[in-house]
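In the order they appear, the protein sequences are chains A and B. Anchor point for the first sequence: position 45 equals 45 in the numbering used here, and the numbering is continuous, going up by one each time. For any residue, its number in the numbering used here is found by taking its place in the second sequence, counting from 1, and adding 1000. Using N, Cα and C, we set each Cβ at its ideal position, and we do this for glycine too. Read the structure below first, then the notes.
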Amino acid sequence: MKMNLKIWRQKNANDKGHFFNYQAENVSEDMSFLEMLDVVNQDLVKQGEEAIEFDHDCREGICGACSMVINGNAHGPERSTTTCQLHMRSFKDGDTITIEPFRAKAFPVIKDLKVDRTGLEKVIEAGGYISVNTGNAPDAHSIIIPKEDADLAFVAAACIGCGACVAACQNSSAMLFTSAKISHMAHLPQGQAERQRRVLSMVQKMDELGFGNCTNTGACEMACPKDISLENIALMNRDFMKASLKHR
Amino acid sequence: MQILNSSIGRKYLMGLAGAGWTLFVAGHMAGNLFIFAGPEAFNRYGHAIVSNKPLLFGTEIFLVTCLLIHVGLGLRLTLENKKAKPAKYAKKAVNAKKPSFASQTMAYHGTIILFFIIYHLITFKWGPHYDVTYGTETMRDLHRLVVEVFSEPAYVAGYVFCLVLLGIHLSHGASSVFQTIGCNHPRYTPVIKKLGWIYALVVVVGFISQPIYVFFNLRG
């Protein structure tokens, strides 16, 4: 297949940046999207040009590093798929593909398609921890957790922190990410000690960092490669109001 | 207060204030249907409402408060949101990842609806005052005013347009408030969303039926 690529190039956060056109020849439909970009980069380097920079790491959909908006969709056209797990068979021969970085005030562009997602780390730092006893590891069954609760916690914990929710949201809201972290711990007995403090400080940090407000468009849920549900945001809203009212 | 200083708290209040108006419009729409019962029933219904001062003032204060909260916080949230997304994408999200039109455009139809409400009050509440007497009772002849206003094709068209926008606004808002206050459950949420759509549709069709009926049947 042959692809026409319109790729955003930007030298650094202060550069204005704009689109450049590239062509990818001999693209196999079995290539992943990032492999296709690797081939384009190889050609660029051979011609003495600078490679297009993009984030990637595990390339198996679990690290949350890859982060680009493909034809207007964060992580491309397929639901429940990261960019690295997206294959070229999702496109047709001769397609023009527009590739942009995640856009949000809280995600400044580092270079080309790479953005700084430190904001998400800061939200986690604000409350994503639990108190544990020191000493030997406790017996695995010393805390009973119903299967249903464990499942809900696990579904929330599937969030890989890629930031597609922020990228897809027209308000750059980080509610889905933050709520996944809160919900993960709120469903487990180990998360109860800090439950109130956690939701208050994580939401406060999220607001401080310049992420937008939630308007329930659901774009985040649709863009999420791990299918994190809006249910988590509802839980966070509930917990936040409870904690705000009880807080002394 | 922590609640008002947070995005979630402000959205909570905004949603609840919107819910106040959501409930009100259904009542208003139901009252408008008295147009089908003839001039006397319509005028007597209007008279009964304005004669009940505690109900009238209570509702007015409630609605004005809700409107100020909803519009004020809405404006603030919208400005903050614009700032949080300084650059737009060259292409919009499509297919499986495209959010609903209504949810993405709330601020726009919301603004038009606000101006519509003000214009609507000027036309009817503060509009020409005609009198009519039934037996010994003299009251405002609202029926005559309604017929006059809705005999104008341009007014009917503008009214229908604004009401359709209200319907779009409600199609998202009526169910979205449940998510905001923390009610989301795989069993109930799909039902709540459908009911929100039906609610919006019933309200809009009910409201629009009045000018359409007047224009085609009562126009002088």
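- For A:V69, the enclosing beta strand (DSSP E) covers residues M68 to I70.
- Residue nearest to A:R9 within the set A:N41, A:F33, A:M241 and A:M202 is A:N41 (criterion: CA-CA distance).
- A:K114 carries a strand assignment under DSSP once its states are collapsed to helix, strand and coil.
- Rounded to the nearest whole angstrom, the C-alpha separation of A:T215 and B:T1078 is 9 Å.
- Minimum Cα-Cα distance from A:C224 among the listed residues B:M1029, B:V1132 and B:A1096 corresponds to B:A1096.
- Chain B has a Cβ within less than 8 Å of the Cβ of A:S244.
- In the pairwise beta carbon analysis, the segment 1120-1128 of chain B is classified as not touching the segment 95-104 of chain A: fewer than three pairs are separated by under 8 Å.
- For A:R238, the enclosing alpha helix (DSSP H) has its first and last residue at E231 to K246.
- Spanning the alpha carbons of B:M1029 and A:F211 requires a straight line of approximately 39 Å.
- Residues of chain B with a Cβ closer than 7 Å to the Cβ of A:G210 are, in chain order, A1084.
- Below the 7 Å Cβ cutoff, chain B contributes no neighbours of A:P108, its closest Cβ being approximately 10 Å away.
- Against chain A, the beta carbon of B:S1007 has neighbours under 9 Å at S173, M175, V203, M206, D207, F211, G212, N213 and C214, listed in chain order.
- Proximity of B:T1180 to chain A, defined by a Cβ-Cβ separation below 8 Å, is satisfied.
- Taking 8 Å as the upper bound on Cβ-Cβ separation, chain B lies near residues V69, N71, G72, N73, A74, P77, E78, R79 and T98 of the segment 66-98 of chain A.
- Taking all protein chains shown into account, A:A156 has 16 or more neighbouring C-beta atoms within 10 Å of its C-beta and is therefore buried.
- The alpha-carbon of B:F1161 is positioned some 39 Å away from that of A:F107.
- DSSP, read as helix, strand or coil, puts A:D151 in helix.
- Listed along chain B is no residue with a C-beta nearer than 7 Å to that of A:F154; the closest approach is about 16 Å.
- Beyond the five residues adjoining it in sequence on each side, A:K11 comes within less than 7 Å, by CB distance, of K111 in the same chain, given in chain order.
- Not a single C-beta of chain B is nearer than 8 Å to the C-beta of A:F33.
- Against A:M241, the close residues of chain B are I1003, I1008, G1009, Y1012, I1181 and G1182, in the order they occur along the chain (beta-carbon pairs closer than 9 Å).
- The beta-carbon of A:K11 is placed no less than 8 Å from the nearest beta-carbon of chain B.
- Cβ contact annotation for B:Y1012 (same chain, cutoff 8 Å, sequence separation greater than five): I1003, T1180 and I1181, in chain order.
- For A:Q47, the three-state secondary structure derived from DSSP is coil.
- Annotation: B:K1193 has no Cβ neighbours in chain A at a cutoff of 8 Å; minimum Cβ distance is about 10 Å.
- Taking 8 Å as the upper bound for CB-CB distance, B:S1151 and B:R1076 are not in contact here, some 41 Å apart.
- Beta-bridge partners assigned by DSSP to A:N21: A:K6.
- Interface with chain A (8 Å Cβ-Cβ cutoff): B:Y1199 is excluded.
- By the rule that beta-carbons nearer than 8 Å mark a contact, B:A1017 does not touch chain A.
- The Cβ atoms of A:A180 and A:N213 do not sit closer than 8 Å to each other.
- One Cα belongs to B:A1048, the other to B:T1059, and the distance between them is close to 14 Å.
- Bridge pairing for A:N73: A:I70 [DSSP].
- Under DSSP, B:R1140 takes part in a beta bridge, and its partners are B:D1131.
- The three-state secondary structure of A:P189, taken from DSSP, is helix.
- A contact is defined here as three or more CB-CB pairs under 8 Å, and the segment 1157-1176 of chain B meets this definition with respect to the segment 1191-1203 of chain B.
- The segment 1207-1215 of chain B makes contact with the segment 1022-1037 of chain B, as at least three CB pairs between them are under 8 Å.
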